[in-house]
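Everything below concerns the one structure shown next.
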Amino acid sequence: MEDSRRDAPLVRGPLAAARRSGIREMMDLSAALEGVLHLEVGEPDFPTPAHVVEAVERAQREGQVKYTLSRGTLRLRELLSEKVRAQNGLDAPSERIVVTAGGTLAVFTALASLVDAGDGVLVPDPGWPGADLAVTLVHGRPLRYRLLPEDGYLPDLEQLEALAGDARVLFLNTPSNPTGAVFDRSTLERMLGIAERNGLVVVADEVYEEIVFDTEHVSIGSLGYEGRVVTVFSFSKGYAMTGWRVGYAVAPEEVVEAMVQAQETIVACPSWTGQKAAEAALTGPREPVLAMRDEYRRRRDTAVAALREHGLLLAEPRGTFYAMADVSALGADSFEIARRLLLEQRVAVAPGEAFGPAGAGTVRLSLASPPEVVEEAIGRIARAVRGAAVTSP
Ligand SMILES: Cc1ncc(COP(=O)(O)O)c(C=O)c1O
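Here my numbering is used: the first residue of the sequence shown is 12, the next is one more, and so on.
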């Protein structure tokens, strides 16, 4: 073999250039430290509701733990068809639903189905890094549109319109990670108008739909544009079921078929256990979901009050369990800021730039910790910011 071939890097293509997630980096770094307040992790701190766990245990004892259809069981897809009709205003029979290994695989298989090499995909900035990475892995081109803090982190629609001519897919996320923004009906109608005028396919990531405060969650697919919207949901966040790995998408039938094929190639099928858990979640009481949402609201209120008091508030989150903090007094490099906050203040947060260049000078706080922890952590961040103000020339 030629030396040059042997010396070539083993990992090639888009993954060779992929950057490690800034959030993982914080988690690794904080694992070695004591007394750290953890606000970096993007998952609920509540256990999965007991009735879900019990239903799965009962089913497992019967022993039929097997592969399922690669698109998910018919029973679950029928339940989901009822749920999306009643809760989201999406009129989709079970043939238009695919159950996936988490919302992550729904987003990935949707983009793998819709994007050819070089196609532009509009992604929010700041936004969940999973979307950006998925676009890159399928050889698409991420085209970032800004979410504006001064506008409650709603999208810059003028910029979106200007970029749309170069795109094939519009990816959006509401309620939004990392900003906590919830897009209102009129914003979604205008986004749909941009998609329609430019012949885009819409991929709407609505995995935080259950965690919305003092407003409503609107599914963009319920507003029209029949046949060109893919909507992604998940059991992870609202039901505190991250580890069960079960999400789903509502899509046009031809897209569902392509997504099923992609999923079959990657994991064969979603996990049987996860699907049993999802059935129990859908057919059981909703109280646990509502109780968790109320607790997130309390934490959001605590965080907003503390951020405002210290002059660090960028925009009031209206959903999810995240809030952005303005730490620009510490500089622009949010990776460096997050490292400093961890080492000097023992607070672990996610660097804003882990979510795109627009995250410079900010960090994301995850409110998946009790209110007193959230308050104490914000106090420590404020101390660092005050310290910088005192020592800067
Ligand atoms: C915006 C967004 N979409 C999708 C996901 C994927 O979640 P899961 O695969 O657990 O459903 C996440 C997880 O953090 C997220 O924040």
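The beta-carbon is built from N, C-alpha and C at its ideal position, and this holds for glycine as well. Here the structure is a predicted model, which means the values were calculated and not measured.
Determine the burial state of residue i: buried for a count of at least 16 other Cβ atoms within 10 Å of its Cβ, exposed for fewer.
i	result
Glu347	exposed
Asp305	exposed
Tyr78	exposed
Ser197	exposed
Gly238	exposed
Gly370	buried
Leu133	buried
Val374	buried
Gly15	A small fix is needed here, since residue 15 is Ser in this sequence, not Gly. Exposed: under 16 other Cβ atoms inside 10 Å.
Val243	buried
Asp337	buried
Leu21	exposed
Glu51	buried
Pro104	exposed
Gly210	exposed
Gly249	buried
Arg297	exposed
Asp143	buried
Ala42	exposed
Glu76	In the sequence on display, residue 76 carries Val and not Glu. Counting Cβ neighbours within 10 Å, Val76 comes out exposed, since fewer than 16 surround it.
Thr185	buried
Gly176	exposed
Thr294	exposed
Asp18	exposed
Asp136	buried
Gln286	buried
Rounded to a whole number of angstroms, what is the C-alpha to C-alpha distance between residue i and residue j?
i	j	result
Asp344	Leu203	34 Å
Arg310	Gly129	42 Å
Ala393	Ser32	25 Å
Arg208	Leu174	12 Å
Ala251	Leu154	32 Å
Val384	Thr284	33 Å
Glu217	Leu341	33 Å
Ala291	Thr111	17 Å
Arg308	Thr190	15 Å
Leu90	Gly74	23 Å
Phe57	Met303	8 Å
Thr120	Pro263	13 Å
Glu275	Glu268	11 Å
Leu352	Val358	6 Å
Thr331	His49	17 Å
Gly398	Leu323	14 Å
Arg350	Glu65	41 Å
Pro368	Leu26	20 Å
Val241	Ser230	10 Å
Leu44	Glu36	13 Å
Val146	Gly131	9 Å
Pro404	His321	In this predicted model, Pro404 has a pLDDT of only 46, less than 50, meaning its place in the structure is not dependable; the value taken from the coordinates is given anyway. So the two alpha carbons sit approximately 21 Å from each other.
Gly235	Gly100	10 Å
Glu386	Gly53	18 Å
Leu378	Ala61	22 Å
Thr253	Arg72	23 Å
Met38	Val47	11 Å
Does the distance between the C-beta of residue i and the nearest non-hydrogen atom of ligand 1 fall short of 7 Å?
i	result
Val218	yes
Ser32	no
Gly141	yes
Asn99	no
Asn188	yes
Asn209	no
Gly249	no
Lys115	Reading off the sequence shown, one finds Thr at residue 115, where the question assumed Lys. Correct: Thr115 has its Cβ closer than 7 Å to ligand 1.
Ser197	no
Gly53	yes
Thr253	yes
Val300	no
Val118	yes
Gly367	no
Phe258	A quick correction: the sequence has Gly, not Phe, at residue 258. It does: the Cβ of Gly258 is within 7 Å (strictly closer) of some heavy atom of ligand 1.
Ser245	yes
Please confirm if residue i has its CB atom under 8 Å from at least one CB of chain C.
i	result
Gly363	The chain labelled as chain C is not found in the depicted structure, where only one protein chain is given.
Review point. Is the stretch 357-371 close to the stretch 79-98, with three or more CB pairs under 8 Å?
Key: These segments do not touch.
Review point. Are the stretch 116-136 and the stretch 164-181 in contact at 8 Å, needing three or more beta carbon pairs?
Key: By the C-beta criterion, the stretch 116-136 is judged to be in contact with the stretch 164-181, since at least 3 inter-stretch pairs fall below 8 Å.
Check your understanding: Quick check: the stretch 155-165 against the stretch 220-237, are there 3 or more CB pairs under 8 Å?
Key -> Not touching, per the Cβ criterion.
Check your understanding: Enumerated in chain order, which unbroken segments of the alpha helix (DSSP H) with a length of 4 residues or greater are wholly contained in the stretch 91-140?
Key -> Counting whole runs of 4 or more residues, the stretch 91-140 contains the alpha helix (DSSP H) stretches 113-125.
Review point. Which runs of the beta strand (DSSP E) spanning at least 3 residues fall entirely within the stretch 215-256, listed in chain order?
Key: If one requires a minimum length of 3 residues, the beta strand (DSSP E) runs lying completely within the stretch 215-256 are 240-245, in chain order.
Point to revise | Length-filtered (4 minimum) alpha helix (DSSP H) runs lying within the stretch 36-74 | key: 61-72, all fully within the stretch 36-74.
**Study point:** Complete runs of the alpha helix (DSSP H) confined to the stretch 289-339 [at least 4 residues]
**Key:** Entirely contained in the stretch 289-339, the alpha helix (DSSP H) runs reaching 4 residues are, in chain order, 298-320.
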